[in-house]
Structure formats: C-alpha cells, structure tokens
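Enquirer: One rule links them: number in this note's numbering = place in the sequence shown (from 1) + 173. One structure, pasted below without further comment.
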Amino acid sequence: MAKKKSVAAEIAPPPKGIEAVKLITGLFFAALSVYTFVSLISYIFTWAEDQSLLSRPDVWSTIVPVENGAGKLGFFWANFLVSRLFGLGAFIIPFFFGAVAIFSLKIKKISLLRQFFLSAYGAIILSLLFSFVFGFTRFDDWFGNGAGGSYGYFVNRWLIGMLGATGAGAVIIVLFVTWLVLISYKVVEWFGRAIAAIFHPKRREEVVIDDTFMLDENAVAEAAAADADTDDLEVLEEELTPDDGRKVLFEIEKQPEIEPVEEKGSVDDSVPPFEVIENTNDDEEDFLKDLPKGSLDTLFDPRLDLSGYQIPPLSLLDDYKDRIYKVPADELEKNNRKIVKTLSDYKISVEKIFARTGPTVTLYEIVPSAGVRISQIKRLEDDIALSLAARGVRIIAPIPGTNAVGIEVANDKPSVVPMKSVLEDPKFRNANFELPVVIGRTISNEAMMFDLAKMPHLLVAGATGQGKSVGLNAIITSLLYTKHPSELKFVLIDPKKVELSLYSKIEKHFLAKLPDSEDAIITDTQKVVYTLKSLTIEMDSRYDLLKIAHVRTVKEYNEKFLSRRLNPLKGHRYMHFIVVVIDEFADLLMTAGREIEEPIVRLAQLARAIGIHLVIATQRPTTNIITGLIKANFPARIAFRVISNIDSRTILESTGANQLVGRGDMLISVSGELTRVQCAYIDTAEVERITEFIGNQQGYSSAHYLPEYTGEEGDVS
Numbered sequence: 174m175a176k177k178k179s180v181a182a183e184i185a186p187p188p189k190g191i192e193a194v195k196l197i198t199g200l201f202f203a204a205l206s207v208y209t210f211v212s213l214i215s216y217i218f219t220w221a222e223d224q225s226l227l228s229r230p231d232v233w234s235t236i237v238p239v240e241n242g243a244g245k246l247g248f249f250w251a252n253f254l255v256s257r258l259f260g261l262g263a264f265i266i267p268f269f270f271g272a273v274a275i276f277s278l279k280i281k282k283i284s285l286l287r288q289f290f291l292s293a294y295g296a297i298i299l300s301l302l303f304s305f306v307f308g309f310t311r312f313d314d315w316f317g318n319g320a321g322g323s324y325g326y327f328v329n330r331w332l333i334g335m336l337g338a339t340g341a342g343a344v345i346i347v348l349f350v351t352w353l354v355l356i357s358y359k360v361v362e363w364f365g366r367a368i369a370a371i372f373h374p375k376r377r378e379e380v381v382i383d384d385t386f387m388l389d390e391n392a393v394a395e396a397a398a399a400d401a402d403t404d405d406l407e408v409l410e411e412e413l414t415p416d417d418g419r420k421v422l423f424e425i426e427k428q429p430e431i432e433p434v435e436e437k438g439s440v441d442d443s444v445p446p447f448e449v450i451e452n453t454n455d456d457e458e459d460f461l462k463d464l465p466k467g468s469l470d471t472l473f474d475p476r477l478d479l480s481g482y483q484i485p486p487l488s489l490l491d492d493y494k495d496r497i498y499k500v501p502a503d504e505l506e507k508n509n510r511k512i513v514k515t516l517s518d519y520k521i522s523v524e525k526i527f528a529r530t531g532p533t534v535t536l537y538e539i540v541p542s543a544g545v546r547i548s549q550i551k552r553l554e555d556d557i558a559l560s561l562a563a564r565g566v567r568i569i570a571p572i573p574g575t576n577a578v579g580i581e582v583a584n585d586k587p588s589v590v591p592m593k594s595v596l597e598d599p600k601f602r603n604a605n606f607e608l609p610v611v612i613g614r615t616i617s618n619e620a621m622m623f624d625l626a627k628m629p630h631l632l633v634a635g636a637t638g639q640g641k642s643v644g645l646n647a648i649i650t651s652l653l654y655t656k657h658p659s660e661l662k663f664v665l666i667d668p669k670k671v672e673l674s675l676y677s678k679i680e681k682h683f684l685a686k687l688p689d690s691e692d693a694i695i696t697d698t699q700k701v702v703y704t705l706k707s708l709t710i711e712m713d714s715r716y717d718l719l720k721i722a723h724v725r726t727v728k729e730y731n732e733k734f735l736s737r738r739l740n741p742l743k744g745h746r747y748m749h750f751i752v753v754v755i756d757e758f759a760d761l762l763m764t765a766g767r768e769i770e771e772p773i774v775r776l777a778q779l780a781r782a783i784g785i786h787l788v789i790a791t792q793r794p795t796t797n798i799i800t801g802l803i804k805a806n807f808p809a810r811i812a813f814r815v816i817s818n819i820d821s822r823t824i825l826e827s828t829g830a831n832q833l834v835g836r837g838d839m840l841i842s843v844s845g846e847l848t849r850v851q852c853a854y855i856d857t858a859e860v861e862r863i864t865e866f867i868g869n870q871q872g873y874s875s876a877h878y879l880p881e882y883t884g885e886e887g888d889v890s
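Structure below.
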C-alpha cells in the first residue's frame, strides 16, 4: 500500500537525464556567450597589434605576447568571426549563444529556431550594411577586409557591380528594415507614426485622452450635437392606425454607437465614437486592482514573485468592425406594423410600442390597452412568429418591473459582439469585482458582467455549435485580463481533449494540477476523479486555516494575511482563487457516474467561502445529467440554444432557450431572473495570441500543485 506524501514537504529531485543535459548545455553556452563577447570587444581595439600572430610559427608559445583580452584563442576566434566572416555583424553571435543558454536553463520561454534565423539573417545583413557604409570612408580596410568582414566585402563588390552603388544601397536598406520588422512589429508602427508626422503633421495635434477613460465634456457635447444632426433614424415617433381605427404610438430607442458597417444614411464619419476607446487600449494596468489599503512596508505582496508580469494588451484582440451592423428603421417599422396587425386580428388593442435594438435581437415593449389580459398575448407567440417570418421570437409576459409585454425578434443581420469591445467597456474596467467576468452585451447594448465569486458557481448548457465553447473562452479570457497569476489558478478538465488545450501554454502561470500529472489540461477520467477529490482536500485544508484565523471567508483571510497578521511559519499562506472549468460534463458522468458527481456536489455546497468556484458545461441538459443536487447548488446558469422545451426547462426552470437563434444568443439566469445576451465572440487565433503572450513571460517553475489524493486502494495521485 503506497504511502501518502505531503506536497509541502516534498523536495524537488535533482535533474536527471535530459534535464541534466539541458543544465550543462545552458551553462556552457552562457560561458561561451560571455567569452565571445569579450574577445570581440577586445578585437576591435587590438586587432592590428595581434595581426603578427597569424603568421608566426611559434604562436602558441607562452613567451609570445597577445593583446586580446580573451587570450590567443580569443583572438583567433574573434578574427575568424570578424575578419573572415561578418565583420561588426559578428556581435550578434554572442547574443544568440545567450539565447541558447536562456532556452536551456528555462529562464524564459523562447523559440530557438526563430532566434537562430534572426541571428543568422542579422549577421549577414549587418555585414553587408557595414561593408557598404564604411566602404566610402577611410576605414574601408578595417580588420583587413573592411568593417563588414570577408562576407560583406565580396557580396558588396558583386552587388555594386550588378546594380551600382545606388541600387546596392537600396537593396541593403530594404533587407535591413525587413530584419528589424522580423525582430519586432513595433518597427512598423514606428515607421507609420514617422510617416504620419511628415505628411500629416496636423494629426499630431489631436486631443490625447487620459488613461482613466474620462472624456472631455466639450468633445462629448460636440459628438452629441453631430449625432443629433445626422442620425434622423435613431429616434422616431409615428402614429400607426390598426384596423380598429385607434392610433398606436411607436418609438425607437436611441442606441449608443457601436461602429456599424457604413451604409447609406449612416452617421457622419467626422464623429468616430470608437476611436476614443481605442486610444486607451495600451492601458493594461487598469485591469489589475490595487492591494488593500495599508503601508507598503507592512503589506505582503503576492505579486512580487512575478513582479514583471504584464496582462495581455487589448491589441491582441480583433474588433470585427466589418461584422457590426445597425438595424435599419424600415425593418423596425415593418415588424412593428406586423405585430400591431396580428394583435388587432385577435381583438387585442395596443397603446404604445417601444423598440429596443440589440446586437442580435430587438425587443418590442408593448403596452396593451386597459382590460387586455397578458395571457391573451402569450398564447399568440406562434402566430406572431409566423406573421413576422422570423427566428428567435420570444414573448416576455410581463417584462419585470413594467406594465409592458416584451416580444423579442431576431434582427435580419445579427451583429458580432467582439470580446475586445466588452473588455474595454468603462463599466467593466471600473467594476469592483473579485472575479470579474464580462460575457457579452444585452438587448440594450450594455456589457453583461458579473462577479463569479458571488455567483458562486456557473452551469452552462447548449446544443452543439451554438456558442458554448466560445462562452467558456469569454469567461476564461475575462479572468486572464483582470487577475495576476498569483491571484488565480485554473483547473481545466476537458474530456474531448481539444476544447481547452489552447491554454496549455499558460501552465506555469495560471494552471493547477496534481503533482504526478504530466499535462495541466486534465483529459483522463480517472485523473478527473482524483483531481476533484484533491480539490475537496484543498477545501478542507483552507477551512482549517480559516478556523485558526477566526474569519469566515477567503477575502477576510487574505486581508489578514496581506497585513502580516498571520504567520506563514504556522502554515498560513495567501489563498488564491481556484476556478474549475469542466467541459462535456455529461461525458464524464456517463463514464464515472457518482465518482464525479459526489465531489462536485460537495465543492458546490461548501467551496464558495474559500475561493473555489465551478464552471460546468454540457451539451446535454437532461434530467439524468443535471440532477436535482446539481441544480440546487448552481443558482447561476447560462443557456445557449437547445433543441426542446424540456431541455430549456431543465437548465433554466423555464422555456425560452429553445427559441434562441443560436450563434452565441443565450439566456442568463441569476436568482431566477432571465436576461437575453449576445455572447462576446473570441476565436481560436485570438486565444492563441493571448496564451502565447502570457506563456512567453517569466512564470513559476511549474504549474501550481494541488494536494495529493490517496485512492481507496492506496493509489497515490
């Protein structure tokens, strides 16, 4: 029977095999980098004095002097690199050796192949550049073959002979700029700004918006005036006359601009409402909240281990401006007339209709005349859908807090809600949440955000291809943009092995796993069971610490710990949040059954207070999957489009999810209140850019280790 081990007491074993080879290789190339750099620097100043060494037969004799600071071997090594090869371009070579050392010692995650290509290409281009430039000066015989070495000398002679001095210079400049662009794309931005400064100097005088998203009042007033002059379609009041001769007032809500695709009658281009937000994209620090108040000398800062960590810039995300549309007024009027006519056919009179347009659907708020029963309108749901010939028709009878009945109708051209647009929403950036999540936009075009720590768990369901995976990515991305690696860890469970694999690159920053697991993304069913039971051990351990600290929640505990009122020598530690994301929950239940359900129910019942939160997704919201115990402990639920009424009732306790239009259209239920939301869109390429940006930064030595779990038969995991 295997003995249970303590993770805290376990000491990392010495490197073996490939790790030992990497360590030796890294140290060797680090030394070689320093030695090469010293020999090259010394060669610049002493090459003429040491030239006689090349022809002396007794060069290796100890009595023969050498001026190079790296000795005779350093002189010959530098002479080979500078005179025989690349001239001053050889100074790139020690930096490449340094990159090999960094890669081997795992100081930073880098692409060795990319570093080799950039170094080789750079040495060649600099050799040509120095040879060309210094060839017109009195230093054309530096190092014997010029400042560009033998390579630059002979290639330059050939280029000048074929293209002339002007043509050769142009080719070399293009190749040099190409090399700079390959090193960093910021070079392109720099050239763009330089060209703009030369040819468009007035653009430099534009008002600069500060980093707090506070807009100049005059600018806002001017924009509002421009909108009023040009946007005749935004606010419209029209009297419609149904068959009974009564007049119905129809109003269209004025919507905030969301940069629609340009069409006839669109808003004047002189008022670009989105540019103000884009100017603040580089202000990433706004997302990370400050520590509790107190003297910096008395506060413990968990972020110091990765003090140089930077959250991903919003520029990694796409804005999808070509897929954002404004609902035309004639479409709204057409639907309004059809609704009024259908209701009048059934002797239902209406006093007023108010249209509220969203990215995917439009909500028509209908105020019925006195004496009209709401149930009469509710029964006409299918008739109204048939009359409008539209998908996604849903009736809300009544709209909570109003005397109106809502009819939701899908827009002819639904708009995409970019993840970038909701992340840069000022309300989200200023939200005081512990685990802030922004999931999309409502019918009112407001960012739908919530605090996962207060949910405290989330159940997500939807048929295949309706946006469930994108929704999970939006939740994870929201947290990656707002939390430091020391404050949050993910436990990612993915039985399909492909949905969450994109996040493997951030293993050493944000992921948690069992000590003996090779992969941080958990795909094996037995490992899932062990991981969930390990989380219950972590939960019990945290509750013990809360009891000792005489606090009730992880927030109170961390405030005490950060204020240095809890002694780490007595086992106290900073408690980061743990978010458990489980995809394909139905598949896990079918293979492991109660072994999966029991720890999930226990975590859902107890883990809220100690900072462990669950996000469970399934494409089969049936009663044998989403059981009563699961539903009782997951008050917050998200439903994408499902196939049947029964599935909708299972997930939401209400119909409606079967009437959604799909492609990210969803209903969110919090405390029994339903809200229709268009999920923010983020594609695979954007997720890859985010994870690569995080993964390329310095991380912890490994993923965060969860407590070991000993199975019933003594198996340690």
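Here a beta-carbon is modelled for each residue, glycine too, at the ideal position from N, C-alpha and C.
Write down the C-beta distance between Thr-848 and Ile-841 rounded to the nearest angstrom, noting that I regard them as a contact closer than 8 Å.
Expert: 5 Å
Enquirer: Would you give the residue range spanned by the beta strand (DSSP E) that Thr-530 belongs to?
Expert: 523-530
Enquirer: Which same chain residues end up closer than 8 Å to Val-774 when comparing Cβ atoms and leaving out the 5 residues on each side of it in sequence?
Expert: If we look at Val-774 and ignore the five residues flanking it on each side, its Cβ neighbours are Leu-802, Ile-803 and Asn-806.
Enquirer: Check whether chain C comes within 8 Å of Lys-282, counting only Cβ atoms and requiring the distance to be less than that.
Expert: In the structure shown, chain C cannot be found, because there is only a single protein chain.
Enquirer: Looking at C-alpha atoms only, which residue of Val-727, Val-237, Phe-758 and Pro-658 is the closest neighbour of Ile-745?
Expert: Here residue 745 turns out to be His, not Ile, going by the sequence shown. Comparing C-alpha distances from His-745 to each of Val-727, Val-237, Phe-758 and Pro-658 shows the shortest one belongs to Val-727.
Enquirer: DSSP on Met-628, reduced to helix/strand/coil?
Expert: coil
Enquirer: Let me know if Pro-741 comes out buried or exposed under the rule of 16 or more other beta-carbons within 10 Å of its beta-carbon.
Expert: exposed
Enquirer: Nearest-angstrom Cα distance between Val-834 and Val-701?
Expert: 34 Å
Enquirer: What residue range does the alpha helix (DSSP H) around Gly-244 cover?
Expert: 244-252
Enquirer: For the alpha helix (DSSP H) that Glu-581 lies in, which residues bound it at each end?
Expert: Premise fails: Glu-581 lies in the beta strand (DSSP E), 578-583, not in any alpha helix (DSSP H).
Enquirer: Taking all protein chains shown into account, do 16 or more other C-beta atoms lie within 10 angstroms of the C-beta of Ile-206, making it buried, or fewer, making it exposed?
Expert: Here residue 206 turns out to be Ser, not Ile, going by the sequence shown. By the 10 Å Cβ count, Ser-206 comes out buried.
Enquirer: Does Ala-812 come out as helix, strand or coil in the three-state DSSP assignment?
Expert: strand
Enquirer: With burial defined as no fewer than 16 other Cβ atoms inside 10 Å of the residue's Cβ, what is the status of Ile-721: buried or exposed?
Expert: exposed
Enquirer: Among Thr-351, Lys-281 and Ala-193, which one has its Cα closest to the Cα of Gly-481?
Expert: Closest option to Gly-481, Cα to Cα, is Lys-281.
Enquirer: Pull up the CB-CB distance for Val-610 and Met-622, whole angstroms please, since I reckon it's below 8 Å.
Expert: 7 Å
Enquirer: State buried or exposed for Leu-477, treating a residue as buried only when at least 16 other CB atoms are found within 10 Å of its CB.
Expert: exposed
Enquirer: Can you tell which of Val-347, Tyr-216, His-630 and Glu-554 has the C-alpha that lies nearest to the C-alpha of Arg-781?
Expert: His-630
Enquirer: In whole angstroms, what is the alpha-carbon distance linking Gly-845 and Thr-800?
Expert: 17 Å
Enquirer: Inspect the CB distances between the region 603-617 and the region 813-831 and report whether three or more fall short of 8 Å.
Expert: no
Enquirer: Determine the contact status of Ala-830 and Val-850, defining contact as a CB-CB distance below 8 Å.
Expert: no
Enquirer: In the DSSP assignment, find the unbroken beta strand (DSSP E) run with Gln-851 in it and report its ends.
Expert: Unbroken beta strand (DSSP E) run through Gln-851: 846-852.
Enquirer: Could you compute how far the alpha carbon of Ile-710 sits from the alpha carbon of Pro-880?
Expert: 7 Å
Enquirer: Taking only three categories from DSSP, how would you classify Asp-756?
Expert: coil
Enquirer: Applying the criterion that 16 or more other CB atoms from any shown protein chain within 10 Å of the CB defines a buried residue, is Met-335 buried or exposed?
Expert: So Met-335 ends up on the exposed side.
Enquirer: To the nearest angstrom, report how far apart Val-589 and Lys-551 are at their CA atoms.
Expert: 30 Å
Enquirer: To the nearest angstrom, report how far apart Val-860 and Asn-646 are at their CA atoms.
Expert: Approximately 8 Å between the Cα atoms of the pair.
Enquirer: Indicate the three-state DSSP secondary structure (helix, strand or coil) for Leu-477 in the structure shown.
Expert: helix
Enquirer: Do Tyr-676 and Thr-864 have their C-beta atoms within less than 8 Å of each other?
Expert: Yes. Within cutoff.
Enquirer: For Leu-761, collect the residues of the same chain with a Cβ closer than 8 Å to its Cβ; drop the 5 residues on either side in sequence, then sort them by chain order.
Expert: Ile-666, Pro-668, Thr-698, Val-701, Ile-755 and Ile-769
Enquirer: Any idea which residues DSSP pairs Pro-609 with across the strands?
Expert: Asp-624
Enquirer: Please report the distance separating the alpha-carbon of Lys-346 from that of Val-354.
Expert: The sequence shown places Ile at residue 346, not Lys. Whole-angstrom Cα-Cα distance: 12 Å.
Enquirer: Going by beta carbon distance, what residues of the same chain come within less than 8 Å of Asp-692, once the five residues before and after it are set aside?
Expert: Ser-677 and Lys-686
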